[in-house]
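Under our numbering, read the sequence shown as residues 1 to 194, first letter to last.
The beta carbon of each residue, even a glycine, is placed where N, CA and C say it ideally should be.
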Amino acid sequence: MFIQTETTPNPSSLKFLPGRDVLPEEHGTGVNFSSPMDAIRSPLAKQLFQVLGVSTVFFGRDFVSVNIDDATSASWDTVKPQVFAIIMDHFASNTPVILGDAAAVDTEILDDDDEVVALIKELLETRIRPAVQGDGGDIVYRGFDYDTGTVNLELAGSCVGCPSSSATLQHGVQNMLMHYIPEVKGVNQIIPEE
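Shown next as structure tokens:
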């Protein structure tokens with residue numbers, strides 16, 4: 001197995017491309033693990049969190065994005081070879097990446113979604129997510145406030161802690177949503193509690 005890496009706009013994140021599917025289709029286009037407790041349903045994510053300095057793990061359709069925590073003085077020189085070994089061993093073992101049933105996809109259009117929410121979800125899934133996932137990150141829909149016109153979004157993968165993430169949210173995502181959906185007046189970044 002030959003694993004390639006790509007840099008991301010976030011210097012604390014690397015995108016690992018194992019040359020095969022990582023995330024099964026039934027699990028959506030991305031799954032984020034922000035702590036070892038989140039990784040309980042993923043043998044691969046659990047192992048990656050055992051590497052000193054790994055702070056978040058994100059699985060895309062064909063990549064694994066790993067962030068390191070600058071506070072641990074971890075460097076890619078020490079973390080990268082360990083991540084390579086874990087990914088290679090995992091795929092050689094033919095163990096599933098995620099155990100159990102698929103979680104609901106945050107951009108799945110539900111029967112009780114009105115037209116505005118359906119449009120927001122469709123734009124996120126078809127126009128915004130592919131661009132952000134190209135850099136090893138993701139944007140997760142967390143709701144729409146009808147009173148203020150605010151779309152609540154959570155950053156994942158390489159976007160977490162990225163210096164350019166606020167510009168991406170404000171100038172890219174917000175402008176696109178406001179252009180296509182007049183009811184949207186802005187975006188709000190939701191930061192998950194530890």
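**Item:** Alpha carbon of residue 114 to alpha carbon of residue 38, nearest angstrom
**Value:** 31 Å
**Request:** Flag this pair as yes or no: are the beta carbons of residue 158 and residue 15 separated by less than 9 Å?
**Result:** yes
**Message:** Between the alpha carbons of residue 190 and residue 112, how many angstroms are there, rounded?
**Reply:** 23 Å
**Request:** State the CB to CB distance for the pair residue 63 and residue 32, rounded to an integer number of angstroms; the pair is presumed to be in contact (CB under 8 Å).
**Result:** About 13 Å; that fails the 8 Å criterion.
**Start-to-end residues for the beta strand (DSSP E) that takes in residue 15** = 13-17
**Request:** Count the other CB atoms, across all protein chains shown, that sit within 10 Å of the CB of residue 235; report buried if there are 16 or more and exposed otherwise.
**Result:** The structure shown has nothing for residue 235, since the chain only spans 1 to 194.
**Request:** State the Cα-Cα distance for the pair residue 24 and residue 34, rounded to the nearest angstrom.
**Result:** 20 Å
**Request:** Determine the direct distance from the alpha carbon of residue 81 to that of residue 74, and round the result to whole angstroms.
**Result:** 13 Å
**Rounded C-alpha distance that separates residue 187 from residue 85** = 39 Å
**Request:** Might you give, ordered along the chain, the residues of its own chain that have their beta carbon closer than 8 Å to the beta carbon of residue 138, omitting 5 neighbours on each side?
**Result:** 29, 30, 32, 58, 60, 129, 132, 155, 156, 157, 159
**Request:** Could you pull the start and end residues of the beta strand (DSSP E) that residue 141 belongs to?
**Result:** 137-145
**Prompt:** Just to confirm, does residue 88 get its C-beta within under 8 Å of one of the non-hydrogen atoms of the ligand GDP?
**Reply:** As presented, the structure is devoid of all ligands, the ligand GDP included, so that no description of it is given.
**Request:** Identify whether residue 152 lies in helix, strand or coil by the three-state DSSP scheme.
**Result:** strand
**Request:** Return the residue from the list 48, 12, 17 that minimises the CA-CA distance to residue 71.
**Result:** 12
**Item:** Bridge partner(s) assigned by DSSP for residue 66
**Value:** 14, 57
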